[in-house]
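Novice: Here the protein sequences line up with chains A and B, keeping their order.
For the first sequence, my numbering begins at 152 and goes up steadily by one.
For the second sequence, my numbering begins at 152 and goes up steadily by one.
My questions all concern the structure below.
Number of protein chains: 2
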Amino acid sequence: MRELAAIVGPEHVEEAVRVGDTARTGRARARVRPADADEVAAVVSWCYEHDLAVVPVGGGSGYAGGAAPLDAEAVALSLDRLSAMRSFDPGLWRMEAEAGMTTETVARRARESGLLFPPDPGAAEQSQLGGTIATNAGGPHAFKYGVTGDWVTGLEAVLAPGEIVRVGGPVRKDVAGYDLRALLTGSEGTLGVVTAAWLRLVPAPEAQLPIAAAFEDVGAGCAAIERVLASGEVPAAIEYLDEATMEAAGGSLPEEPARALGMRMASGSGGASSYANGRAPFVLLLEADGAREEALRVRDALLDALHEGEGLLGLTAPEAPGDVRALWRWRAGVSHAVTARRGAKLSEDVAVPLDRLREAIEGTLRIGERHGLPACSWGHAGDGNLHSTFLLAADHPGERERADAAAHDLFALALELGGTVTGEHGIGVLKARQLRHQWTPAAVAAHRAIKDALDPKGLLNPGKKLP
Amino acid sequence: MRELAAIVGPEHVEEAVRVGDTARTGRARARVRPADADEVAAVVSWCYEHDLAVVPVGGGSGYAGGAAPLDAEAVALSLDRLSAMRSFDPGLWRMEAEAGMTTETVARRARESGLLFPPDPGAAEQSQLGGTIATNAGGPHAFKYGVTGDWVTGLEAVLAPGEIVRVGGPVRKDVAGYDLRALLTGSEGTLGVVTAAWLRLVPAPEAQLPIAAAFEDVGAGCAAIERVLASGEVPAAIEYLDEATMEAAGGSLPEEPARALGMRMASGSGGASSYANGRAPFVLLLEADGAREEALRVRDALLDALHEGEGLLGLTAPEAPGDVRALWRWRAGVSHAVTARRGAKLSEDVAVPLDRLREAIEGTLRIGERHGLPACSWGHAGDGNLHSTFLLAADHPGERERADAAAHDLFALALELGGTVTGEHGIGVLKARQLRHQWTPAAVAAHRAIKDALDPKGLLNPGKKLP
Chain A
152 MRELAAIVGP EHVEEAVRVG DTARTGRARA RVRPADADEV AAVVSWCYEH DLAVVPVGGG
212 SGYAGGAAPL DAEAVALSLD RLSAMRSFDP GLWRMEAEAG MTTETVARRA RESGLLFPPD
272 PGAAEQSQLG GTIATNAGGP HAFKYGVTGD WVTGLEAVLA PGEIVRVGGP VRKDVAGYDL
332 RALLTGSEGT LGVVTAAWLR LVPAPEAQLP IAAAFEDVGA GCAAIERVLA SGEVPAAIEY
392 LDEATMEAAG GSLPEEPARA LGMRMASGSG GASSYANGRA PFVLLLEADG AREEALRVRD
452 ALLDALHEGE GLLGLTAPEA PGDVRALWRW RAGVSHAVTA RRGAKLSEDV AVPLDRLREA
512 IEGTLRIGER HGLPACSWGH AGDGNLHSTF LLAADHPGER ERADAAAHDL FALALELGGT
572 VTGEHGIGVL KARQLRHQWT PAAVAAHRAI KDALDPKGLL NPGKKLP
Chain B
152 MRELAAIVGP EHVEEAVRVG DTARTGRARA RVRPADADEV AAVVSWCYEH DLAVVPVGGG
212 SGYAGGAAPL DAEAVALSLD RLSAMRSFDP GLWRMEAEAG MTTETVARRA RESGLLFPPD
272 PGAAEQSQLG GTIATNAGGP HAFKYGVTGD WVTGLEAVLA PGEIVRVGGP VRKDVAGYDL
332 RALLTGSEGT LGVVTAAWLR LVPAPEAQLP IAAAFEDVGA GCAAIERVLA SGEVPAAIEY
392 LDEATMEAAG GSLPEEPARA LGMRMASGSG GASSYANGRA PFVLLLEADG AREEALRVRD
452 ALLDALHEGE GLLGLTAPEA PGDVRALWRW RAGVSHAVTA RRGAKLSEDV AVPLDRLREA
512 IEGTLRIGER HGLPACSWGH AGDGNLHSTF LLAADHPGER ERADAAAHDL FALALELGGT
572 VTGEHGIGVL KARQLRHQWT PAAVAAHRAI KDALDPKGLL NPGKKLP
């Protein structure tokens with residue numbers, strides 16, 4: 152404690168704390184809050200010298216337990232004091248920000264200058280840039296704009312045994328060295344600690360025009376997604392919500408979309424059609440964006456594509472900025488609404504090729520049935536990325552174990568469909584040892600060889616992202 | 152020879168060949184042409200067992216000597232027989248192609264289904280997909296669309312000591328393992344041999360509308376680029392050509408752009424303005440793309456941005472598809488036209504932050520002067536990526552050495568400006584040992600550690616991409 156205090160200052164060391172994320176917490180011997188990259192390097196160096204584990208901690212909004220120490224002697228390293236905007240050149244569409252800046256601050260600063268930082272993984276006010284890079288976080292708009300790593304042109308990170316390195320920078324193209332930038336992105340703190348990043352930005356679209364559409368079943372909804380792609384237009388987002396998800400979250404929909412999707416009777420309507428019975432078997436949430444005229448044109452083409460096939464029950468396409476924001480705010484609250492259903496849930500972010508999405512959605516329900524747990528899913532349909540969820544009563548004996556068994560079956564299903572056990576949350580501790588089912592032994596060996604090469608003592612976030 | 156022939160068939164082994172690329176060739180003990188990934192793995196395995204170097208060879212259009220063996224005992228491994236389209240799902244915007252397929256075939260197959268494979272590094276009919284992935288090749292449209300790696304969702308590769316691995320696939324998001332896909336991309340055959348890739352595609356833009364504009368000097372042209380960015384529009388390409396480049400290449404410009412840019416008098420024109428004297432001090436080549444109306448709108452906004460400032464001498468904005476193709480075909484021939492000037496050239500693809508582009512362009516000329524060599528540059532202005540070039544007479548004694556010294560100064564300039572020694576061609580053999588000037592020792596150590604971890608015997612393309 153005394154030596155760590157000498158590095159970061161006594162007011163920035165706490166003894167015996169619990170840290171972690173939404174999925175898991177754990178005890179650490181100490182938490183330190185360094186002020187800058189030099190102090191991060193000094194802390195890592197000290198830990199490496201004393202054979203103590205280092206667990207980098209961001210905003211704590213992760214879903215895989217990546218920030219939970221597994222070893223009570225570990226040192227938790229909070230990045231929250233590294234929150235400076237080192238440089239911002241709106242005219243050049245770029246920014247250099249420290250790891251502890253919240254995702255919302257990054258996005259807001261860009262927005263205030265007419266620019267967009269596209270990654271929108273949720274929990275923007277809590278999540279920190281370093282954490283979103285360490286998990287390579289996605290989000291609804293990844294379909295058009297890609298994931299966090301696609302917007303990182305350079306990284307500053309501390310590698311073992313405590314050295315600051317910078318790869319890339321404000322330059323937009325660089326093939327000089329191996330792509331350490333990409334290797335660190337998504338490595339969940341197991342290869343190094345991200346301390347700052349150079350980000351590229353783009354001009355913000357003038358208009359964002361969502362469409363919410365209800366279909367009579369999963370098959371009709373998935374067929375509509377394929378028609379959307381065949382239209383030759385690029386939606387900014389293609390999200391879906393299945394029936395049980397809508398049961399949980401539909402009640403908080405604003406009035407107009409709720410009516411249009413059949414979740415609520417139009418007040419005073421005498422002749423409601425047969426679907427207006429408070430259920431929406433399958434909902435798609437699309438968005439067209441761009442300059443206003445172009446966004447309108449794309450939206451019309453998407454509407455045509457949705458209307459072309461069978462099974463469309465109703466749709467709505469709000470235009471007023473307040474209505475658009477309300478719809479996305481509702482979407483951002485879906486996870487909480489589902490949790491509220493029974494008090495707890497186990498949710499896994501498997502991803503599959505788009506043509507296997509229907510099987511993954513229906514398979515999720517079958518796995519839930521098999522284990523006696525209510526199940527549902529929603530997520531980033533265009534990327535084939537589900538949030539497959541099993542609902543739990545937190546205090547019900549045996550349910551947690553059944554949910555773990557269900558998750559195991561879900562991972563097997565994702566792999567059988569040619570997918571991945573994690574599309575955007577990472578392996579963390581929850582999915583440790585799943586990669587060996589996804590990759591062949593030779594690929595797993597390469598994964599291990601890289602870990603051993605960059606962290607020979609195995610002290611950087613040990614137990615996480617294990618293959 | 153007998154054992155290699157047993158793997159690939161005697162008709163697919165040649166003894167004592169020279170192989171390489173446009174920059175460098177070298178002697179190999181044998182060249183083998185395996186038929187599939189299994190045979191690639193068997194060849195790598197055999198070489199690893201017998202301590203023989205393996206040099207992967209693609210289309211030979213590289214600029215850094217990456218495909219030239221440095222050791223006459225090496226086995227050159229040509230990927231050209233791995234040219235199958237394993238799967239193509241136009242409706243799902245994706246393709247799985249083998250490494251030996253030419254970039255043009257990939258692009259054409261996409262185009263025939265209304266899709267775009269955006270990377271356009273040049274030499275499309277010669278270059279092969281595996282090589283463009285191994286170098287993470289860029290091209291003019293990388294400004295909007297990114298580089299090759301941005302379109303690769305999965306890789307099949309042979310790693311040492313001869314094992315096929317598959318990472319990613321037709322799934323669009325995957326954060327399960329370390330990003331081996333990105334690590335192999337751009338690794339120039341030094342970590343593994345790419346045998347196939349899953350590619351994502353996008354709907355092809357309906358219209359591509361270029362603008363060519365001449366400015367009175369580098370400063371006025373670079374100021375125009377910053378106005379273009381400030382316009383809030385995203386051009387598909389922002390290319391530039393400096394005065395000496397236009398001297399070399401301007402003669403082959405089609406009539407209309409040549410006249411508009413002041414490279415040729417309008418025939419019969421009595422009152423040509425003062426700049427119509429056969430020189431264009433600085434030329435920008437922009438492109439707006441998208442749905443037709445949107446592309447026209449963006450083009451108008453770009454034209455406004457170009458017109459707003461000082462120093463615009465003339466511009467042209469062709470719309471007829473034939474004229475558009477002619478302009479880009481001319482752009483693709485610039486490198487050859489520059490070579491023809493004196494018979495040979497040394498061209499380096501440094502990249503700098505966009506706000507340092509002017510200094511890099513002017514610095515290239517000063518370096519040429521200092522070494523007594525005519526110099527010029529052109530390239531991907533929006534990405535700050537120059538092709539800084541020193542013109543040589545192939546048979547003039549001492550010029551090659553002076554050019555090498557000039558390149559050395561150029562690398563130093565790029566680093567001083569916060570850039571990289573290579574934006575898109577790679578390190579190869581020509582830029583070996585430059586990375587240690589760009590990266591700190593700790594980052595270089597990480598680069599070496601990764602190489603040692605994945606290629607412990609150092610037999611995969613030895614001598615290439617050395618830090």
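Glycine is no exception: its CB is placed at the ideal position from the N, C-alpha and C atoms.
Quick check: the Cα distance between M246/A and L463/A, rounded to an integer number of angstroms?
Specialist: Rounded to the nearest angstrom, the two C-alpha atoms are 43 Å apart.
Novice: List the endpoints of the continuous beta strand (DSSP E) containing V208/A.
Specialist: Element bounds for V208/A: V205 to V208.
Novice: Going along the chain, which unbroken runs of the alpha helix (DSSP H) with 4 or more residues stay wholly within the stretch 220 to 276 of chain B?
Specialist: 254 to 263
Novice: By Cβ distance, which residues of its chain are closer than 6 Å to D440/B, with the 5 residues on each side in sequence left out?
Specialist: P356, Q359, A387 and A446
Novice: With 8 Å as the threshold, decide whether the Cβ of H598/B is near any Cβ in chain A.
Specialist: yes
Novice: For my contact list, P321/B and G569/A are in at a C-beta cut-off of 8 Å; report their separation, rounded to the angstrom.
Specialist: Indeed they touch by this definition, with Cβ atoms about 6 Å apart.
Novice: For a contact meaning CB atoms closer than 9 Å, what does D506/A contact in chain B?
Specialist: D240, G242, L243 and P321
Novice: Do you know whose CA, among A364/A, E398/A and G370/A, lies nearest P408/A's CA?
Specialist: With distances taken between Cα atoms, P408/A lies closest to A364/A.
Novice: Classify M152/A as buried or exposed, calling it buried when 16 or more other Cβ atoms lie within 10 Å of its own Cβ.
Specialist: exposed
Novice: Run through DSSP, which three-state label would V303/B get?
Specialist: strand
Novice: Can you grab the Cα-Cα spacing for the pair L334/B / G328/B, in whole Å?
Specialist: 12 Å
Novice: Start and end of the alpha helix (DSSP H) containing K295/A?
Specialist: A293 to Y296
Novice: Quick one: list the residues of chain B neighbouring G535/A, beta-carbon separation under 8 Å, in chain order.
Specialist: Residues of chain B passing the Cβ test: V322, R323 and K324.
Novice: For Q589/B, decide whether its Cβ has a neighbour in chain A, counting only Cβ atoms nearer than 8 Å.
Specialist: yes
Novice: Using the Cα positions of L581/B and G340/B, report the straight-line distance between them to the nearest angstrom.
Specialist: Roughly 15 Å separates the two Cα atoms.
Novice: Starting from the beta carbon of R448/B, find every residue of chain A whose beta carbon is closer than 9 Å, and list them in chain order.
Specialist: A442, E444 and E445
Novice: Indicate whether L310/A and L605/A have their beta-carbon atoms separated by less than 8 Å.
Specialist: yes
Novice: By the three-class DSSP mapping on this structure, what secondary structure does S382/A have?
Specialist: DSSP places S382/A outside both helix and strand once states are collapsed to three, so it counts as coil.
Novice: Taking the alpha-carbon positions, what's the V434/B to Y391/B distance?
Specialist: It is roughly 6 Å from the alpha-carbon of V434/B to the alpha-carbon of Y391/B.
Novice: Out of L436/A, E513/A and D325/A, point me to the one whose CA is closest to T571/B's CA.
Specialist: Among L436/A, E513/A and D325/A, the Cα nearest to that of T571/B is on D325/A.
Novice: Starting from R182/B, follow its DSSP beta bridges and name the residues at the other end.
Specialist: E165/B and A227/B
Novice: For S119/A, does the count of other Cβ atoms within 10 angstroms reach 16, so buried, or fall short, so exposed?
Specialist: Residue 119/A lies beyond the residue range present for chain A, which begins at 152 and ends at 618; the question has no answer from this structure.
Novice: For Q359/A, report the span of its beta strand (DSSP E) as first-last.
Specialist: Unbroken beta strand (DSSP E) run through Q359/A: A358 to F366.
Novice: To the nearest angstrom, how far is it from the Cα of A583/A to the Cα of G535/A?
Specialist: 22 Å
Novice: For the beta strand (DSSP E) that K602/A lies in, which residues bound it at each end?
Specialist: Boundaries around K602/A are those of the alpha helix (DSSP H), P592 to L605, since no beta strand (DSSP E) includes it.
Novice: Thinking C-alpha only, which one of T173/B, V194/B and R175/B is nearest R182/B?
Specialist: V194/B
Novice: Counting only C-beta atoms, is N287/B closer than 8 Å to chain A at any point?
Specialist: yes
Novice: Going along the stretch 334 to 345 of chain B in order, which residues come within less than 8 Å of chain A, judged by CB to CB distance?
Specialist: The residues in question are L334, T336, G337, S338 and L342.
Novice: Residues in its own chain within less than 8 Å of R587/A by CB, not counting five upstream and five downstream?
Specialist: V595 and P618
Novice: Check whether chain B comes within 8 Å of V191/A, counting only Cβ atoms and requiring the distance to be less than that.
Specialist: no
Novice: In whole angstroms, what separates the C-alpha of K616/A from that of T286/A?
Specialist: 10 Å
Novice: Roughly how many angstroms lie between the CA atoms of Y426/B and R415/B, to the nearest whole one?
Specialist: Confidence in Y426/B is poor, its pLDDT being 39 and thus under 50, which makes the residue's placement too unreliable to answer from.
Novice: Kindly indicate which residue of A563/B, V191/B and P241/B has the alpha-carbon position closest to the one of E263/B.
Specialist: The candidate whose alpha carbon is nearest that of E263/B is P241/B.
Novice: For R259/B and A250/B, what's the separation of their Cα atoms in angstroms?
Specialist: 16 Å
Novice: In whole angstroms, what separates the C-alpha of G579/B from that of R599/B?
Specialist: 15 Å
Novice: Please decide whether I578/A counts as near chain B, where near means a Cβ-Cβ distance under 8 Å.
Specialist: yes
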